[in-house]
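Worksheet: one structure, shown below.
Protein chains in written order, with this note's numbering: chain Z, 772 to 872; chain W, 203 to 216.
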């Protein structure tokens, strides 16, 4: 008891602004193996949804796992999920803990 | 000790 169980949270970000506005660090083959949110830009869709937080680690985007994806690939997947016209939102599976679930 | 690059890449996603 008392040990915090690493939990994953599904966060829906509505595309309420022309930009997503997050900065991420890390990716496969770095000491931060899954991309972590390091900055959220004021006025972007991520900021507007007010559920994404700096420090959260992104496990999946729209069901696509970022496990094993290098930094540029992970950033590209996130950017394309925001740009696609098919959906008016994006789903992030995030965790507060620096573990891969 | 696995040599992981200390420098971690950062990118903006707009």
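Where is the CB? At the ideal position from N, CA and C, for every residue including glycine.
Beta carbon of residue 829 (chain Z), beta carbon of residue 215 (chain W): below 7 Å?
For the purposes of this step, residue 829 (chain Z) is identified with residue 58 of the first chain, where counting begins at 1. For the purposes of this step, residue 215 (chain W) is identified with residue 13 of the second chain, where counting begins at 1. For the pair residue 829 (chain Z) and residue 215 (chain W), the CB atoms are not nearer than the 7 Å cut-off.
Per the contact definition of three or more C-beta pairs closer than 8 Å, is the stretch 781 to 789 of chain Z in contact with the stretch 852 to 868 of chain Z?
yes
Are the C-beta of residue 796 (chain Z) and some C-beta of chain W separated by less than 7 Å?
Along the first chain, one-based indexing puts residue 796 (chain Z) at 25. Residue 796 (chain Z) counts as touching chain W.
Can you give the beta carbon distance from residue 901 (chain Z) to residue 213 (chain W), rounded, assuming they're within the 8 Å contact cut?
What is shown of chain Z runs 772 to 872, which leaves residue 901 (chain Z) out entirely.
With a cut-off of 7 Å, does the C-beta of residue 791 (chain Z) fall near any C-beta of chain W?
As a first step, residue 791 (chain Z) is located in the first chain; it is residue number 20 there, counting from the start. It does: the Cβ of residue 791 (chain Z) has a partner Cβ on chain W nearer than 7 Å.
Is DSSP giving residue 796 (chain Z) helix, strand or coil here?
Start at 1 with the first residue of the first chain, and residue 796 (chain Z) comes out as number 25. Residue 796 (chain Z): strand per DSSP, three-state reduction.
Counting contacts by CB-CB distance shorter than 7 Å, is residue 849 (chain Z) in contact with chain W?
Here residue 849 (chain Z) refers to the residue found at position 78 when the first chain is read from its first residue. Answer yes: the Cβ-Cβ gap between residue 849 (chain Z) and chain W drops below 7 Å somewhere.
Ordered along the chain, which non-local residues of its own chain (more than five positions away) have a Cβ less than 6 Å from that of residue 859 (chain Z)?
One-based indexing of the first chain puts residue 859 (chain Z) at position 88. Only 786 meet the Cβ criterion.
Between which residues of its own chain and residue 866 (chain Z) is the CB-CB distance below 8 Å, once the five residues before and five after are set aside?
Counting from 1 along the first chain, the entry for residue 866 (chain Z) is found at position 95. For residue 866 (chain Z), where only same-chain residues beyond five positions count, the Cβ hits under 8 Å are 777, 778, 779, 780, 827, 828, 830 and 872.
Starting from the beta carbon of residue 809 (chain Z), find every residue of chain W whose beta carbon is closer than 8 Å, and list them in chain order.
The residue you call residue 809 (chain Z) lines up with position 38 of the first chain. The contacting residues are 212.
In chain W, which residues lie less than 9 Å from residue 860 (chain Z) when you measure between Cβ atoms?
Taking the first residue of the first chain as position 1, residue 860 (chain Z) is located at position 89. None at all; the shortest Cβ gap to chain W is about 16 Å.
Can you give the Cα-Cα distance for residue 868 (chain Z) and residue 825 (chain Z), rounded to whole angstroms?
Numbered from 1 along the first chain, position 97 holds the residue referred to as residue 868 (chain Z). Numbered from 1 along the first chain, position 54 holds the residue referred to as residue 825 (chain Z). Each residue's alpha carbon lies about 12 Å from the other.
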